[in-house]
Amino acid sequence: MRVYHFTEQPYYPVWNDHDGSLRVNLPNRKLDPKIAGDLFHRFYDEWLLADELGYDIMLNEHHQTATCMSSTVIVGLSILARQTRRARLLVLGYPIGHRPDPLRCAEELSTIDVISRGRLDMGFIKGVPYEFPASNQNPVGVMDRFWEAHDFILKAMQSHDAPFNWEGEHFHYRQVNIWPRPVQQPHPPIWSTTGNRSNARVLGGKGYVMATLGSGYNTRPLYDAYREGYIAKWGKAPAADRFAYLGLVAVADNEQEARRRGELVAGYLRSSAIVHVPFRNPPGFLTVEDNARMLKGQTAPRSFTKDGRPIDMHHGSVQDLIDAGILFCGTPDQVYEQIVNFCEYCGGMGNLLMMGHAGFLTHEDTVDNLTMFAQQVLPRLQAYKQPVAETVAA
Amino acid sequence: MSVTTDAITSLVVNGVNLEMVDRGQGRPILFLHPGIGIDPAAPVLGALARGGRLIAPSHPGFGGSQLPKGMTSVDDLSYFYLDLLEQLDLRDVMVVGVGIGAWLAAEIAVKTTERISQLVMANAVGIKVGDRETRDIVDIWAIMPDQFNELAYFDPQAGKRDYKTLPDAEAAAAARNREATARLAWSPYMHNPKLKGRLHRIRIPTLFLWGTADRILSEPYGHAYCSAIAGARFETIERAGHFPHLEQPEEFARRVLAFANAGVPAKAKAR
Chain A
74 MRVYHFTEQP YYPVWNDHDG SLRVNLPNRK LDPKIAGDLF HRFYDEWLLA DELGYDIMLN
134 EHHQTATCMS STVIVGLSIL ARQTRRARLL VLGYPIGHRP DPLRCAEELS TIDVISRGRL
194 DMGFIKGVPY EFPASNQNPV GVMDRFWEAH DFILKAMQSH DAPFNWEGEH FHYRQVNIWP
254 RPVQQPHPPI WSTTGNRSNA RVLGGKGYVM ATLGSGYNTR PLYDAYREGY IAKWGKAPAA
314 DRFAYLGLVA VADNEQEARR RGELVAGYLR SSAIVHVPFR NPPGFLTVED NARMLKGQTA
374 PRSFTKDGRP IDMHHGSVQD LIDAGILFCG TPDQVYEQIV NFCEYCGGMG NLLMMGHAGF
434 LTHEDTVDNL TMFAQQVLPR LQAYKQPVAE TVAA
Chain B
2 MSVTTDAITS LVVNGVNLEM VDRGQGRPIL FLHPGIGIDP AAPVLGALAR GGRLIAPSHP
62 GFGGSQLPKG MTSVDDLSYF YLDLLEQLDL RDVMVVGVGI GAWLAAEIAV KTTERISQLV
122 MANAVGIKVG DRETRDIVDI WAIMPDQFNE LAYFDPQAGK RDYKTLPDAE AAAAARNREA
182 TARLAWSPYM HNPKLKGRLH RIRIPTLFLW GTADRILSEP YGHAYCSAIA GARFETIERA
242 GHFPHLEQPE EFARRVLAFA NAGVPAKAKA R
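Sequences listed follow chains A and B, in order.
Be aware that the first sequence starts at 74, since it is given in the numbering used here, and climbs by one per residue.
Be aware that the second sequence starts at 2, since it is given in the numbering used here, and climbs by one per residue.
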C-alpha cells in the first residue's frame with residue numbers, strides 16, 4: 074500500500090466566527106494574510122517531513138473558503154515539485170470542468186511533471202457543489218466539459234511531432250504544441266473521484282485510479298461497479314492499486330491521546346458542510362432523478378458502519394467515525410487493524426489518502442501523528458498483501 | 002375541469018417531442034412559460050383560450066418535453082419555436098411570454114415577425130440594464146426557496162408547494178425545470194448581452210405587463226426594456242409579482258385579450 078499525506082490547508086482560526094457559511098460568501102477580511110502565510114509555511118513543512126518519512130503527498134484546491142486556503146493547487150504542486158525529493162505528488166483534484174483554458178492546465182501539469190522528475194499523479198475531478206458559484210461555470214453539463222477538457226489535455230500531452238488543431242464543443246485551439254512535454258510516458262497517471270456507481274463503471278473502463286471519500290462501509294458497491302467496468306474492458310480484475318480511499322488518521326501511543334487527536338481532526342468533517350444552503354446543490358449538479366428524490370425528502374444516507382448503521386459524518390462522534398471507516402484512530406496496532414479490516418472489506422484498496430493533518434490538530438500533534446504512523450504503521454501496510462477481489466460481492 | 006379542456010397533447014418538431022396544451026379556437030396565442038414551467042391545469046390557460054387557439058408548450062428540457070443535444074441557450078430555443086410556428090403554419094400569432102418566456106419571445110421576434118403580429122412581455126428578463134457591478138436580477142440560485150417566494154410573489158404562500166406529497170412525475174418535472182432554467186440562464190445570468198441592441202428590430206405592437214410586487218426584477222428594469230422597443234406600452238398588474246399569470250390569471254388574460262382586440266391589424270407581409 075502507498076500512503077499519501079494530505080491536508081486541506083485550512084484557515085481554521087475563523088471556523089467558529091461565521092454567519093452560517095464558511096465557503097463562498099465568508100468575507101475574506103476575516104483572513105489575516107500574515108497568519109495565512111504562517112499556516113502555509115507550516116503545512117509545507119509538514120509535507121517536507123512527510124517526504125522524508127516515506128509518505129507520498131496529496132494536494133487539492135477549493136475556492137473562496139476557510140476550509141481550504143489552496144485556491145490554486147498549481148502553486149502548492151510547484152513548490153513541492155522543487156522542494157521534495159522522492160514523494161509522488163498527487164493532485165486530487167484538479168477541477169478541469171471549471172477551467173476556462175485546458176491548454177493552460179496541460180502546460181501547468183506537464184511543467185510540474187518535468188520539475189518533479191516524473192512524480193506527478195493527475196487527479197481530475199468534477200468539484201464539489203460549492204465551486205460553481207465561485208467559478209461561475211454552469212453546473213448543468215459540467216461533465217461534458219470535464220470529458221472534453223480531459224481528452225484535450227491527454228492529446229496535448231501525447232502529441233509530439235506536429236501542432237494539432239482542436240475545434241470541440243467547448244474548447245477551441247490552433248497550433249497546440251505544449252512545451253515542456255511531460256516526462257512520464259505516455260502521460261502522468263490519471264486519478265479521479267466518484268460517489269456514484271455509473272461513474273465508477275466508466276472509470277473502471279478507463280483503468281484510472283478511483284478514489285472515494287467519506288464512503289466508509291458503503292465503499293464496496295462503488296469499487297464493485299469499478300470492477301465491473303474494468304473487467305468488461307480489460308478481461309481481468311483490477312489490482313488493489315486502482316483504488317484509493319481518503320481517511321482521517323489520528324494515532325498516538327495510547328488510546329486516550331489518540332481519541333483527543335481524533336476529536337481535533339474530526340473538526341474538518343464538522344466544518345466542511347457549513348455552507349450557505351443554496352450553494353449546496355446548484356441546479357444540474359445532481360441528476361434529475363436524484364433531485365426529484367431530494368425534493369420529496371428521500372435522501373439516502375451516505376455513510377454506514379460495517380453493520381449497516383447510518384452515520385452522519387458531519388456530526389457523528391469519534392466512535393461513530395471509527396465505526397464507519399471514516400476515521401482511523403487509536404494506537405498504532407489499532408490503526409493498522411482498522412485499515413486492514415477496511416481493505417479486506419473493500420476487496421483490496423491500495424492507496425490510503427491519509428489526512429495526517431485536519432481540523433484543529435496542532436503542528437506538534439501533526440508531526441507526532443505523521444512520525445508515529447510512519448514508523449509503526451506504514452512499514453506494515455507496505456508489507457501487507459492486498460486481497461484482489463475477482464468478482465463483485467454479493 | 003373536464004379531461005378534454007386540460008388535455009396535454011404532444012407534438013414532434015424537428016424530432017423533438019413536446020408536451021403542450023392546445024385548446025380553444027381562432028387566432029393563435031402562443032404562451033411561453035417562465036422558468037418554473039407551466040401546469041396544464043393553470044387557470045390562465047383556460048382564460049386565454051377564451052380568446053383564441055391557445056398553444057402552451059413545455060419548452061424543450063422543461064416539464065415532460067424532450068431536450069435535444071446542443072439546445073443550451075434561449076437563442077437555440079427561439080429557432081426551435083420559429084420552426085414550430087412554421088410546422089403548424091400559424092399566422093397572425095400573438096406571442097405571450099412570462100419571465101424567461103418573455104426573453105424567449107423577444108429572441109424570436111428580433112429574428113422575424115413574419116408569422117407574429119403582437120407581443121406580450123410579462124415581467125421579462127433577457128437584457129442587461131445596469132452597470133457591470135450592479136445585478137439587474139436577483140440571483141435565484143443564491144437564495145432559499147422561502148426567500149424566492151418572498152421576492153417573486155405578491156403572496157408568498159402562492160409559491161409554496163408540498164414537494165413531499167408530489168407525484169413522482171411532477172417532482173421530476175420540477176427538477177427538470179430547475180435544471181433547464183440554469184442551462185439557459187446560469188451565465189450570462191438571465192440575459193443575452195446582445196439582445197438589447199437587437200430589440201429595435203421588433204416593430205409589431207408590444208405590451209409589457211408588470212406584476213408590481215416583483216422583487217426579482219425591478220419596475221425600472223421593465224421600463225428600460227419597454228423603451229427599447231418602439232411604441233411598446235407598459236401596464237402594471239397589482240397584487241401580483243414575477244408570475245402575474247399565476248397570481249392574477251383572470252386579470253392577466255383580460256389585459257392580454259384586450260390588447261389583442263385593440264391591436265393593430267396584422268401586418269400583411271410577404272413571405
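Glycine is no exception: its CB is placed at the ideal position from the N, C-alpha and C atoms.
Taking residue i as the query, report the chain A residues whose CB atoms sit under 7 Å from its CB, ordered along the chain.
i	result
A176 of chain B	V361, N364, A365 and L368
R188 of chain B	One detail in the question is off: residue 188 of chain B reads as Ser in this sequence, not Arg. Ordered by position in chain A, the residues that pass the 7 Å Cβ test against S188 of chain B are N209 and N211.
M145 of chain B	V350 and P351
With 9 Å set as the bound, which would you pick, yes or no: does the beta-carbon of residue i sit closer than that to a beta-carbon of chain B?
i	result
S211 of chain A	Per the sequence shown, the amino acid found at residue 211 of chain A is Asn instead of Ser. It does; some Cβ of chain B falls within 9 Å.
E242 of chain A	yes
F352 of chain A	yes
Y85 of chain A	no
Is it buried or exposed, residue i, if we count other Cβ atoms within 10 angstroms and call 16 or more buried?
i	result
L451 of chain A	buried
N272 of chain A	buried
P168 of chain B	exposed
A397 of chain A	buried
D156 of chain B	exposed
Q119 of chain B	buried
V13 of chain B	exposed
M74 of chain A	buried
T207 of chain B	buried
R192 of chain A	buried
P206 of chain A	buried
S344 of chain A	buried
R382 of chain A	exposed
K268 of chain B	Unreliable placement is indicated for K268 of chain B, whose pLDDT of 45 sits below 50; no coordinate value is reported for it.
D105 of chain A	exposed
R254 of chain A	buried
M145 of chain B	exposed
Q455 of chain A	exposed
D215 of chain B	buried
Sort out for me which residues DSSP pairs residue i with in a bridge.
i	result
G320 of chain A	A:M427
W264 of chain A	A:G196 and A:V282
C416 of chain A	The partner list for C416 of chain A (beta bridge, DSSP) is empty, contrary to what the question assumes.
Q210 of chain A	Partner(s): none; Q210 of chain A has no beta bridge.
M122 of chain B	B:G98 and B:F209
C402 of chain A	A:A323
L132 of chain A	A:V164
P383 of chain A	A:F377
P146 of chain B	P146 of chain B pairs with nothing; no bridge assigned.
Y246 of chain A	A:W239
Run through chain A and tell me which residues come within less than 9 Å of residue i, C-beta to C-beta.
i	result
A153 of chain B	Result: empty, since nearest Cβ-Cβ is about 14 Å, beyond 9 Å.
R184 of chain B	N211, V213, G214, P356 and G357
Interface residues of chain A around residue i at Cβ under 8 Å?
i	result
Y164 of chain B	L368, K369 and G370
E180 of chain B	V213, P356, G357, V361 and N364
Does any residue of chain A bring its CB to less than 9 Å from the CB of residue i?
i	result
M191 of chain B	no
W104 of chain B	no
T135 of chain B	no
D169 of chain B	yes
A173 of chain B	yes
G127 of chain B	no
G356 of chain B	Outside the shown range of chain B, which is 2 to 272, sits residue 356 of chain B, and nothing can be said about it.
For a contact defined as C-beta to C-beta under 9 Å, what are the partners of residue i on chain B?
i	result
G200 of chain A	In chain order: nothing, as chain B lies at least about 15 Å away.
G93 of chain A	None at all; the shortest Cβ gap to chain B is about 11 Å.
So which residues on chain B does residue i lean against when the C-beta distance must stay under 8 Å?
i	result
P206 of chain A	W142 and A143
Quick check on residue i - is its C-beta less than 9 Å from some C-beta in chain C?
i	result
E134 of chain B	The structure shown contains no chain C; the protein chains it does contain are A and B.
>> If contact is defined by three or more beta carbon pairs under 8 Å, each pair taking one atom from either stretch, is the stretch 317-324 of chain A in contact with the stretch 391-403 of chain A?
In response: yes
> Quick one: any contact between the stretch 130-142 of chain A and the stretch 81-90 of chain A, if contact means 3 or more CB pairs under 8 Å?
Replying inline: yes
>> Under 8 Å: do the stretch 353-362 of chain A and the stretch 169-185 of chain B share three or more Cβ pairs, one atom per stretch?
In response: yes
>> For the structure I just gave you, are there three or more beta carbon pairs, one from the stretch 124-138 of chain A and one from the stretch 328-340 of chain A, closer than 8 Å?
In response: no
> For the 8 Å Cβ check, are there 3 or more pairs between the stretch 27-46 of chain B and the stretch 243-258 of chain B?
Replying inline: yes
> Quick check: the stretch 221-240 of chain B against the stretch 129-148 of chain B, are there 3 or more CB pairs under 8 Å?
Replying inline: yes
>> When you compare the stretch 21-38 of chain B with the stretch 430-446 of chain A, are there three or more beta-carbon pairs, one atom per stretch, that lie closer than 8 Å?
In response: no
> Per the contact definition of three or more C-beta pairs closer than 8 Å, is the stretch 229-241 of chain A in contact with the stretch 285-296 of chain A?
Replying inline: no
> If you pair each beta-carbon of the stretch 101-118 of chain B with each one of the stretch 138-153 of chain B, do three or more pairs fall below 8 Å?
Replying inline: no
> Touching or not, the stretch 422-435 of chain A and the stretch 305-319 of chain A, by the rule of three or more beta carbon pairs under 8 Å?
Replying inline: yes
> Does the stretch 209-222 of chain A come close enough to the stretch 153-173 of chain A to have 3 or more Cβ pairs within less than 8 Å?
Replying inline: yes
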